[in-house]
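Student: Chains as they are written, first to last, in this note's numbering: chain A, 24 to 363; chain B, 24 to 363.
Ideal Cβ placement from N, Cα and C applies to all residues, glycine included.
This structure is a prediction, so every number in the text was calculated from the model and none was measured.
Just dropping this structure here.
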DNA sequence: CTGAAAGCGCTTACAG
DNA sequence: CTGAAAGCGCTTACAG
């Protein structure tokens, strides 16, 4: 014998008013006497009544949910903390506006299209946040065509749309300057796959900074985030450029760890050989060497993306169709200290 | 000029049948002619129609959503990768059964009660997964009373209910045996706050293993996960027990890092001093010393919890009201190698 | 095999 | 200030 379910009808009955009146009171509409308002609110409070959200969604034509698409491997990869930070930032910000976060992930790897499709057509969410690297042009345009508000985290070179991002070029540029200020004179850069726009920008930032200082450097890029490939490329860089005195690792996570692992195998002496990395993690404080890193404010990115999406959903005008969040460098010594 | 919205009415109209018929076809009900079935499915396929989920939720009285409560600090703490792994495991498993995962988090820290309450009463989800340490007895009983299926990850000593967990006692016991097999003869254990059941069980596992081998050890526990407290307790352990030759760190994340940090400050020589830790992380491969750790299969726990919840939601009988997932030890050498 | 109608729990003009 | 009624987009007995 379960307790009878509590709907607006029960409240109306108990308060001896129509359910329309109860609805108006709950939604703070004007034109209700103080007396009945109090009477109804009293009952609502005591019974701890909340309106059924499916019914509200149907009536209002909005769900008060937003969706975040996460990749299949977020759980097992080292990038887990990245996703975790993004997710909680989004969920919290959304919660502040009475929105809930729905996680969208394919059951089997890949196959994101189907996820978009069903969620989009079934109106499960009022808007979507997607990592730019997680979508192809086709899926994106379908979403936009379906008139579903969308904000990307990062940029997609194939598809321009609302986004939140960092300035990859500038961040790489600054870090390269830092390396030079630390006395490095022949730095190298190892990049992730150049198919990703952010990697191309980071390489460019590196080479531009070198050019500005009239310093020559070496660059290398892998074709895929794959341990074997990565370590092979590190080896090539070391062999082909025996004079390099430092390495700027263009991405964090396992990419970084694979690189460092390979450097160790080659008995690189980190006391002299400088190291810098793009992407900061709490555990870097405990790694040896203590890596100087570009810090991406992930939490702020999540907040910014969510705020932006909320405005789009509510048809508010956006000051800017995109937002660039500032990065900063966390100096830990792996590249020495600036001598200037 | 947005495209007119697509509902079951439009489909019915185009196929020249009633919407009831369309509904039956979409839900694979019997008693429909092959002919109209094909005709309708054709249109549905071409127009890429999906039923509105709010309407379905209202009619079916279920949402096809499950909720996961995550703590406020999941995003910024080192435990981020733990949550990330749990979240993706749950989301994927749920997706396989056509369920979506909704993330529940308070807007401001603490204040979980309100989160439960609104979500629960507004029928946003059909079931809930909660970390055992994240709830007080009162909230839990309200959920259960409201008849909302619930599975906990971990156990709550104040409230017995469906749960998925590891065997903390056995895991600690095994690791302690490993330490002894590695030749350690005076090990110490440092535990997180004893108010948490899992910490009490781990301490017990440690002392039981020692007792079985007739070996004496030292134990210490902090009262809160706080850097200062933790490092103070490490110091106390070292001072009060000058003879200890190894330390079993009872929890991972920043707790572990704080402990190691303190050991380093005290110039502990990790070549001789053994180290073991409860909780495994990908980055442990890159820490110095390379920590031997108890590995919790987080992904499997997420899968198990979700599977269990699904059964509860569908009123299927459970073989067991709880599930214990096996842990294993990842030997990395910080404690030496077994000599037996 | 097919359709008309009631119902799921809300909101919102509209009439009084 | 209040209520009756229609509508949101589905499903499901029920009648034919």
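Between the C-alpha atoms of residue 178 of chain A and residue 225 of chain A, what's the straight-line distance to the nearest angstrom?
Tutor: Rounded to whole angstroms, residue 178 of chain A to residue 225 of chain A spans 13 angstroms at the Cα level.
Student: Please classify residue 357 of chain A as buried or exposed, where buried requires at least 16 neighbouring CB atoms within 10 angstroms.
Tutor: Buried is the call here.
Student: Short of 8 angstroms in beta carbon distance, which residues of its chain neighbour residue 192 of chain A, apart from the five on each side in sequence? Order them along the chain.
Tutor: Contacts found: 224, 225, 227, 228, 231.
Student: Compare the beta carbon distance of residue 210 of chain A and residue 248 of chain A with 8 angstroms and say whether it is the shorter of the two.
Tutor: Against a cut-off of 8 angstroms, the Cβ pair of residue 248 of chain A and residue 210 of chain A comes out as no contact.
Student: Against chain B, which members of the segment 344–357 of chain A pass a CB distance test of less than 8 angstroms?
Tutor: Residues passing the 8 angstroms Cβ filter: none.
Student: May I have a chain-ordered list of the alpha helix (DSSP H) segments no shorter than 4 residues that lie completely inside the segment 143–188 of chain B?
Tutor: Fully enclosed alpha helix (DSSP H) runs of 4 or longer: 160–168.
Student: When you compare only the Cα positions, how much space is there between residue 93 of chain A and residue 309 of chain A?
Tutor: Going from the Cα of residue 93 of chain A to the Cα of residue 309 of chain A covers about 28 angstroms.
Student: Of all the residues that make up the segment 287–298 of chain A, which are near chain B by a beta-carbon distance shorter than 7 angstroms?
Tutor: Under the 7 angstroms Cβ criterion, the segment 287–298 of chain A contributes no residue.
Student: Kindly say whether residue 329 of chain A, judged by its beta-carbon, lies nearer than 8 angstroms to any beta-carbon of chain B.
Tutor: No - not a single Cβ of chain B is within 8 angstroms of the one on residue 329 of chain A.
Student: Chain B beta carbons: is any one of them nearer than 8 angstroms to that of residue 44 of chain A?
Tutor: Not closer than 8 angstroms to any Cβ of chain B, the Cβ of residue 44 of chain A fails to qualify, so no.
Student: Measuring only the C-alpha atoms, how far is residue 196 of chain A from residue 79 of chain B?
Tutor: The alpha-carbon atoms of residue 196 of chain A and residue 79 of chain B are separated by roughly 53 angstroms.
Student: Taking residue 88 of chain A as the reference, give the member of B/266, B/176, B/147 with the closest Cα.
Tutor: Checking every option, the nearest Cα to that of residue 88 of chain A belongs to B/147.
Student: Tell me which residues share the same chain as residue 25 of chain B and place their Cβ nearer than 8 angstroms to its Cβ, disregarding the 5 neighbours each side in the sequence.
Tutor: Here residue 25 of chain B scores only 49 on pLDDT, less than 50, and its place in the model should not be relied on; the value that follows carries that caveat. Here the set comprises nothing.
Student: Taking just the CA atoms, how far does residue 61 of chain B sit from residue 41 of chain B?
Tutor: Residue 41 of chain B and residue 61 of chain B: Cα-Cα distance of roughly 15 angstroms.
Student: In the DSSP output, what is residue 125 of chain A paired with across the bridge?
Tutor: According to DSSP, residue 125 of chain A bridges with A/90, B/125.
Student: Restricting to Cα atoms, I'd like to know which of A/305, A/168, A/344 is closest to residue 330 of chain A.
Tutor: The residue with the shortest Cα to Cα distance from residue 330 of chain A is A/344.
Student: If you follow the alpha helix (DSSP H) that residue 43 of chain A is part of, which residue opens it and which one closes it?
Tutor: Where residue 43 of chain A is concerned, the enclosing alpha helix (DSSP H) stretches over 42–49.
Student: If we ignore side chains and look at the alpha-carbon of each, how far apart do residue 49 of chain A and residue 64 of chain A end up?
Tutor: Computed Cα separation, rounded: 8 angstroms.
Student: Buried or exposed: where does residue 207 of chain B fall if 16 or more other Cβ atoms within 10 Å of its Cβ makes it buried?
Tutor: So residue 207 of chain B counts as buried.
Student: Taking residue 129 of chain B as the query, report the chain A residues whose CB atoms sit under 9 angstroms from its CB, ordered along the chain.
Tutor: Neighbours of residue 129 of chain B on chain A, chain order: 115, 118.
Student: In the DSSP assignment, the beta strand (DSSP E) including residue 317 of chain B goes from what residue to what residue?
Tutor: Per DSSP, residue 317 of chain B belongs to the beta strand (DSSP E) from 315–318.
Student: If I follow the unbroken alpha helix (DSSP H) through residue 67 of chain B, where does it start and stop?
Tutor: 57–70 is the extent of the alpha helix (DSSP H) around residue 67 of chain B.
Student: Assign residue 21 of chain B to buried or exposed, taking buried as 16 or more other Cβ atoms, counted over all protein chains shown, within 10 Å of its Cβ.
Tutor: Residue 21 of chain B cannot be examined here, being either before or after the span of chain B that is shown, 24 to 363.
Student: Within the same chain, show all residues whose beta-carbon is closer than 7 angstroms to that of residue 91 of chain A, passing over the 5 residues directly before and after it, in chain order.
Tutor: Result list for residue 91 of chain A: 110, 113, 124, 126, 127, 152, in chain order.
Student: Are the CB atoms of residue 311 of chain A and residue 311 of chain B nearer to each other than 8 angstroms?
Tutor: Their beta carbons are under 8 angstroms apart, which means residue 311 of chain A touches residue 311 of chain B by this criterion.
Student: Which whole-angstrom value describes the C-beta separation of residue 130 of chain B and residue 119 of chain A, a residue pair presumed to lie in contact below a C-beta threshold of 8 angstroms?
Tutor: With a Cβ gap of about 4 angstroms, residue 130 of chain B and residue 119 of chain A count as contacting.
Student: Excluding the 5 residues preceding and the 5 following residue 212 of chain B in the sequence, name in chain order all residues of the same chain whose CB lies nearer than 7 angstroms to its CB.
Tutor: Excluding sequence neighbours, residue 212 of chain B sits near 226, 229, 240, 242, 271, 273.
Student: Using a C-beta cutoff of 8 angstroms, does residue 213 of chain A count as contacting chain B?
Tutor: With 8 angstroms as the cut-off, residue 213 of chain A does not count as an interface residue toward chain B.
Student: Under three-state DSSP, which class holds residue 270 of chain B?
Tutor: Looking at residue 270 of chain B - three-state DSSP - the assignment turns out to be strand.
Student: Using the Cα positions of residue 354 of chain B and residue 144 of chain A, report the straight-line distance between them to the nearest angstrom.
Tutor: C-alpha separation (whole angstroms): 49 angstroms.
Student: So, is the C-beta of residue 111 of chain A closer than 8 angstroms to a C-beta in chain B?
Tutor: Yes, residue 111 of chain A counts as interfacial toward chain B.
Student: Please report the distance separating the alpha-carbon of residue 38 of chain A from that of residue 59 of chain A.
Tutor: C-alpha separation (whole angstroms): 8 angstroms.
Student: Going by other Cβ atoms of all chains shown within 10 Å of its Cβ, with 16 needed for buried, is residue 70 of chain B buried or exposed?
Tutor: Result: exposed.
Student: DSSP three-state call for residue 294 of chain B: helix, strand or coil?
Tutor: In this structure, residue 294 of chain B counts as coil in the three-state DSSP scheme.
Student: Report yes or no: is there a C-beta of chain A within less than 8 angstroms of the C-beta of residue 309 of chain B?
Tutor: Chain A, which has a Cβ nearer than 8 angstroms to the Cβ of residue 309 of chain B, makes this yes.
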